[in-house]
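Working notes, beginning with the structure itself.
Numbering (this note's numbering), first residue to last: 251 to 729.
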């Protein structure tokens with residue numbers, strides 16, 4: 251009978267049916283073999299160090315959710331850790347009892363990897379005979395190989411699915427040149443691909459030299475985000491000090507991270523590397539595998555998978571930053587860092603419309619600068635640009651915060667002075683005086699320098715109520 255059982259059990263496990271069907275039928279076969287007791291296959295989750303019920307003959311109504319319990323301190327953990335059967339039997343039942351209980355816990359180990367435990371309950375008149383115990387032990391080895399093979403296939407399929415998702419997301423993010431939109435796409439894709447609850451992205455601010463948060467995605471409340479951002483700051487600091495990557499499996503259990511145990515359970519932080527510097531960082535927190543409601547730990551495999559995704563992100567972010575910089579340069583004069591003619595024209599139309607709507611005055615002013623500086627005075631290239639830079643600096647310092655100044659040609663600056671209630675009585679003389687003082691300083695530094703400045707101005711609505719008339723009037727230049 252034991253041989254027939256072993257043959258049937260092996261045939262069930264080696265069939266081509268889905269693994270869930272094979273495991274369920276196997277448990278029913280073992281249950282029938284021991285007289286109808288409950289039989290369960292428990293798998294070990296190495297991330298959370300929990301056991302969970304993969305399949306069981308135990309009947310529940312309504313269907314119970316997936317059952318997890320901590321492995322530490324259990325007989326199942328003893329069986330799996332020491333890789334030996336643990337068998338409990340009633341040797342001497344109480345007087346008058348005609349049944350005996352027995353429990354077998356058999357480790358499921360395949361290719362050196364511990365996968366779970368087969369738990370067999372039996373209530374019979376004489377326990378489980380040794381012959382049947384030996385038969386169940388033998389088939390448990392076939393079960394271990396079947397479970398191991400299935401888990402490896404599932405892991406490979408999940409990894410391939412993630413890689414496919416990474417490649418698809420990579421194509422989308424690399425083709426996105428708008429930096430703000432790109433960062434939103436990166437954060438949401440990172441959470442979906444890595445089954446993470448939260449993603450935080452920091453980028454380097456070239457002006458301050460600091461790595462500020464540019465995007466975050468997740469379900470944390472404002473109060474929870476505060477602690478999470480502090481945790482992220484600590485992780486980012488470690489990355490900036492030279493660590494190539496950071497994986498914290500259990501934040502509350504590690505001494506250096508324990509203070510943030512309430513903020514998250516686990517994290518991965520990776521740098522976004524540019525050609526020379528670190529452009530920023532991407533951090534993901536708390537892994538929620540499919541069909542679970544509590545976080546598990548990220549693994550070394552997750553770190554490697556996330557690293558593949560981050561390679562796409564690095565290229566996409568570098569492209570977007572370069573595009574943003576080039577786009578900004580197209581609208582800025584490279585020499586003076588002032589807006590160009592296109593921006594000036596758009597703002598002039600806007601300010602005229604606003605002045606008309608609120609019945610306010612507006613002054614349009616043109617300043618033309620012609621500079622001839624001897625070579626010996628300034629031996630470097632760009633002597634004319636040096637003069638224009640000095641004049642541009644003077645104009646910016648003289649105008650109010652809401653006034654507009656732009657370099658509208660090689661030799662001309664355009665200025666829009668909204669809210670000019672007194673027209674030309676104070677604004678224009680003030681600007682002229684400041685520019686004249688700057689020109690005198692240039693002449694003092696280079697006695698042979700010739701710098702000529704001419705001005706023109708027009709006032710809305712006195713000199714015209716449309717931009718063409720104002721531009722025409724303001725281009726009538728005088729010394």
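For glycine and all other residues, C-beta sits at the position ideal for the given N, C-alpha and C.
Q | Per DSSP, the bridge partner or partners of residue 704 | A | Residue mapping note: residue 704 aligns to position 454 of the chain shown, counting from 1. For residue 704, which the question treats as bridged, DSSP gives the partners 618.
Q) For the beta strand (DSSP E) that residue 337 lies in, which residues bound it at each end? A) Position 87 of the chain shown, counted from the first residue, corresponds to residue 337. Taken as a continuous stretch (DSSP letters only), the beta strand (DSSP E) holding residue 337 covers 336 to 339.
Q. Three or more C-beta pairs closer than 8 Å, one from the stretch 497 to 509 and one from the stretch 463 to 478: is that the case here?
A. no
Q | residue 447 in three-state terms, based on DSSP | A | As a position in the chain shown, residue 447 is number 197, starting the count at 1. The answer is strand: DSSP assigns residue 447 an E or B state.
Q: Report the residue ranges of all alpha helix (DSSP H) runs contained in full by the stretch 399 to 426; include only those spanning at least 4 residues, in chain order.
A: none
Q | Boundaries (first-last residue) of the alpha helix (DSSP H) holding residue 483 | A | Stepping through the chain shown from its first residue, residue 483 is reached at position 233. From DSSP, the alpha helix (DSSP H) with residue 483 extends over 472 to 490.
Q. Helix, strand or coil: which one does DSSP assign to residue 266?
A. As a position in the chain shown, residue 266 is number 16, starting the count at 1. Three-state DSSP puts residue 266 in coil, outside helix and strand.
(Q) What does the alpha-carbon distance come out to for the pair residue 409 and residue 273? (A) Within the chain shown, residue 409 is the residue found at index 159, counting from 1. Within the chain shown, residue 273 is the residue found at index 23, counting from 1. Looking at the two C-alpha atoms, the distance is approximately 24 Å.
Q: Classify residue 722 as buried or exposed, calling it buried when 16 or more other Cβ atoms lie within 10 Å of its own Cβ.
A: The count along the chain shown starts at 1 and reaches residue 722 at position 472. It counts as exposed.
Q. Roughly how many angstroms separate the alpha carbons of residue 627 and residue 699, rounded to a whole number?
A. On the chain shown, residue 627 is found 377 positions in, with the first residue counted as 1. On the chain shown, residue 699 is found 449 positions in, with the first residue counted as 1. With a pLDDT of only 49 at residue 627, under 50, the local geometry of the prediction cannot be trusted, and the value read off the model is given with reservation. If I take the Cα positions, the gap works out to 8 Å.
Q) On the three-pair Cβ rule with 8 Å, is the stretch 480 to 494 touching the stretch 518 to 530? A) yes
Q: Please look up how many angstroms separate the CB atoms of residue 256 and residue 389, rounded, as I've assumed it's under 8 Å.
A: In the chain shown, counting from the first residue as 1, residue 256 sits at position 6. In the chain shown, counting from the first residue as 1, residue 389 sits at position 139. Sure, about 6 Å apart at Cβ, within 8 Å.
**Q.** DSSP bridge partner residues for residue 519 (one or two, in chain order)
**A.** Stepping through the chain shown from its first residue, residue 519 is reached at position 269. DSSP lists 496, 533 as partners of residue 519.
Q.
Taking the straight line between their C-alpha atoms, what separation do you get for residue 342 and residue 286?
A. Looking up residue 342 in the chain shown gives position 92. Looking up residue 286 in the chain shown gives position 36. Approximately 22 Å, taken between the alpha carbons.
Q) For residue 668, which residues from the same chain have a beta carbon less than 6 Å from its beta carbon, with the 5 sequence-adjacent residues on both sides left out? A) Counting from 1 along the chain shown, the entry for residue 668 is found at position 418. Excluding sequence neighbours, residue 668 sits near 601, 612.
Q) Candidates 423, 639, 490, 406: which alpha carbon is nearest residue 453's? A) Along the chain shown, one-based indexing puts residue 453 at 203. Closest option to residue 453, Cα to Cα, is 490.
Q: Name the one or two DSSP bridge partners that residue 668 has.
A: Along the chain shown, one-based indexing puts residue 668 at 418. Partner(s): 612.
Q | Simplified DSSP state of residue 695, which is helix, strand or coil | A | Here the question's residue 695 lines up with position 445 in the chain shown. Three-state DSSP puts residue 695 in a helix.
Q. How is residue 652 classed by DSSP in three states: helix, strand or coil?
A. In the chain shown, the residue the question calls residue 652 occupies position 402. The answer is coil: DSSP assigns residue 652 none of H, G, I, E or B.
Q. Going by other Cβ atoms of all chains shown within 10 Å of its Cβ, with 16 needed for buried, is residue 439 buried or exposed?
A. Reading the chain shown from its first residue, position 189 is the one you call residue 439. Burial call: buried.
Q: Could you name each continuous beta strand (DSSP E) segment of 3 residues or more that falls completely within the stretch 358 to 401, going from the start of the chain to the end?
A: 363 to 374
Q.
Can you tell me whether residue 462 is helix, strand or coil according to DSSP?
A. Your numbering for residue 462 matches position 212 in the chain shown. In this structure, residue 462 counts as strand in the three-state DSSP scheme.
Q. How would you write the range of the beta strand (DSSP E) that residue 727 sits in, first residue to last?
A. Counting from 1 along the chain shown, the entry for residue 727 is found at position 477. That residue, residue 727, is in no beta strand (DSSP E); it is neither H nor E in DSSP.
Q.
Tell me the DSSP secondary structure of residue 545 in three-state form.
A. Here the question's residue 545 lines up with position 295 in the chain shown. Looking at residue 545 - three-state DSSP - the assignment turns out to be coil, as it is neither helix nor strand.
Q.
Please report the distance separating the alpha-carbon of residue 425 from that of residue 441.
A. On the chain shown, position 175 is the one that residue 425 refers to. On the chain shown, position 191 is the one that residue 441 refers to. For residue 425 and residue 441, the distance between alpha carbons rounds to 20 Å.
Q: Let me know the secondary structure DSSP gives residue 538 once reduced to three states.
A: The residue labelled residue 538 in the question sits at position 288 within the chain shown. Of the three classes helix, strand and coil, the one that applies to residue 538 here is coil, per DSSP.
Q: Measure the CB-CB distance between residue 637 and residue 563 and report whether it falls below 8 Å.
A: Here residue 637 corresponds to residue number 387 of the chain shown, with the count starting at 1. Here residue 563 corresponds to residue number 313 of the chain shown, with the count starting at 1. No, they are not a contact pair.
Q: Give me the Cα-Cα distance between residue 443 and residue 449, rounded to the nearest whole angstrom.
A: What you label residue 443 is simply residue 193 of the chain shown in a count that begins at 1. What you label residue 449 is simply residue 199 of the chain shown in a count that begins at 1. Cα-Cα distance, rounded: 11 Å.
Q: My understanding is that residue 300 touches residue 446, with C-beta atoms under 8 Å, so please give their C-beta distance in whole angstroms.
A: Your numbering for residue 300 matches position 50 in the chain shown. Your numbering for residue 446 matches position 196 in the chain shown. The pair is not a contact, with the Cβ atoms about 19 Å apart (cut-off 8 Å).
**Q.** Distance cut-off 7 Å: residue 273 Cβ against heavy atoms of the ligand NAD
**A.** With respect to the ligand NAD, the structure shown offers nothing to examine, as it has no ligands at all.
Q) Residues bridged to residue 295 by DSSP? A) Here the question's residue 295 lines up with position 45 in the chain shown. Note: residue 295 sits in a beta bridge opposite 300.
Q: My understanding is that residue 366 touches residue 291, with C-beta atoms under 8 Å, so please give their C-beta distance in whole angstroms.
A: In the chain shown, the residue the question calls residue 366 occupies position 116. In the chain shown, the residue the question calls residue 291 occupies position 41. Confirmed, Cβ separation roughly 6 Å.
Q. So what's residue 679 in DSSP terms, helix, strand or just coil?
A. Taking the first residue of the chain shown as 1, we reach residue 679 at position 429. It is helical.
Q: Please list, in chain order, all residues of the same chain as residue 499 whose beta carbon is under 7 Å from its beta carbon, the five residues on each side excluded.
A: To locate residue 499, count along the chain shown from 1; it is residue 249. Within the same chain, residue 499 has close Cβ partners 516, 547, 548.
Q. Cα-Cα, which of 688, 687, 598 is closest to residue 719?
A. Locating residue 719 in the chain shown gives position 469, where the first residue counts as 1. The shortest C-alpha separation from residue 719 is found at 598.
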